[in-house]
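Colleague: The structure's right below; bear with me while I get my questions together.
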Amino acid sequence: MESLKAMQQKKKVVFILGATGTGKSKLSIDLATRFPAEIVNSDKIQVHKGLDIVTNKVTEVEKRGIPHHLLGVLDPEADLTVSDFCLLACRAIEVILENDQLPIIVGGSNRYIEALVDNETFGFRSKYECCFIWLNVATQVLYSYVAKRVDEMVSSGLVDEVRNVFQPDADYTKGIRQAIGVPEMDQYLRLEYEVNEETRKELLKRAIDAIKDNTCKLTHRQLEKIHHLQNQPGWNIRRIDATEVLLKEGKEAGDELWEKLVLEPSTKIVEHFLYGDGCDAPDTTGTGCDASGSNGVYACNPFYAQLGVL
């Protein structure tokens, strides 16, 4: 067991977990306007440059001036391994802490987050005290929402965006082309100028339906991983239910519910984590947060140099 002195020397890091479409990015930005914080993206696809619509990156306006790290910085063709992410995230966290800011790690790649926190190579738990907040939405409500969001992405130019990077011999297992929304468009883009209008519309519909289906499957895997983490030692995750907010999404009542049901409870959790009794305090939300951290292990590798982090 760690000594009290060692615990007191740890820096603090907040993690925002959740499936695609639950509002993780919005919550992280809202929290960063209430605390001196910067955000580290932990979505393995959003780390790459390009395909901003397909990957649903936050816009400059949505960032509201909050610095974001590891967002749209990697070459689209590069393949980001779990180890690569951990090294880059550790460096970003150190830079943020050196600036006397709170690191907020947010994204849906929970396997990467688990490796960052639990892989002994990085010594994360020996250095950082962490608070885990899970933004959750009832499954059927979330499925309906992500389907609607795919339609909005199509209206915003998803098809043209994918067409601009389409290559007949592309490898959909590497780089940004792994993103849901790219492989599904392959058949449509191969045949769109070779078939009649009716067939073209049908091919596009199939592609969009496949994007929706695969996005729902992704949310299921993400939730399974979070439930797995909940049952692991040291992963006392605080759950915030945003179901009612998503049901009112886009309405004035939705904004009020976001403030009441998501932002205020999350703010209180972070306030207590930073200024209260940390993770040992009673948990009024029925979940918890845990002490964890990183030892800053880096390799002299051109992969990291291209991002300007070494």
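Residue numbers (my numbering): 1 to 310.
Ideal Cβ positions, reconstructed from N, Cα and C, are used throughout, including at glycine.
All values derive from a computational prediction rather than experimental measurement.
With DSSP collapsed to three states, give me the class of Gly288.
Modeller: In this predicted model, Gly288 has a pLDDT of only 41, less than 50, meaning its place in the structure is not dependable enough to derive any value.
Colleague: Where does Trp258 fall in DSSP's three states?
Modeller: Reduced to three states, the DSSP call for Trp258 is helix.
Colleague: Helix, strand or coil: which one does DSSP assign to Phe238?
Modeller: Inspection of the sequence shows that residue 238 is occupied by Arg rather than by Phe. Taken through DSSP and simplified to helix, strand or coil, Arg238 comes out as strand.
Colleague: Write down the C-beta distance between Asp30 and Leu263 rounded to the nearest angstrom, noting that I regard them as a contact closer than 8 Å.
Modeller: 5 Å
Colleague: Tell me the DSSP secondary structure of Ile113 in three-state form.
Modeller: helix
Colleague: Mind checking whether Leu189 and Arg163 have CB atoms under 7 Å apart?
Modeller: Yes, Cβ-Cβ distance for Leu189 and Arg163 is below 7 Å.
Colleague: Look up Lys11 in the DSSP assignment and give the residues it is bridged to.
Modeller: Tyr128
Colleague: Could you give the distance in angstroms between the alpha-carbon of Arg206 and the alpha-carbon of Gln187?
Modeller: 10 Å
Colleague: Tell me, please, whether the segment 8-28 touches the segment 101-112 by the rule of three or more beta-carbon pairs shorter than 8 Å.
Modeller: Touching, yes.
Colleague: Which one of Asp52, Lys57, Tyr145 and Ile208 has the shortest CA to CA distance from Val245?
Modeller: Measuring from the Cα of Val245, the nearest candidate turns out to be Tyr145.
Colleague: Leu116 and Leu88 - do their beta-carbons sit closer together than 7 Å?
Modeller: no
Colleague: Output needed for Ala138: all residues of its chain with C-beta closer than 7 Å, excluding positions within five of it in sequence on either side, in chain order.
Modeller: Thr243
Colleague: To the nearest angstrom, report how far apart Asn295 and Glu198 are at their CA atoms.
Modeller: At Asn295, the pLDDT of 32 sits below 50, so the modelled position is not reliable; the number obtained from the coordinates is stated separately. So the two alpha carbons sit approximately 58 Å from each other.
Colleague: Am I right that Thr22 and Leu142 are in contact with their C-beta atoms under 8 Å? What's the rounded C-beta distance?
Modeller: 7 Å
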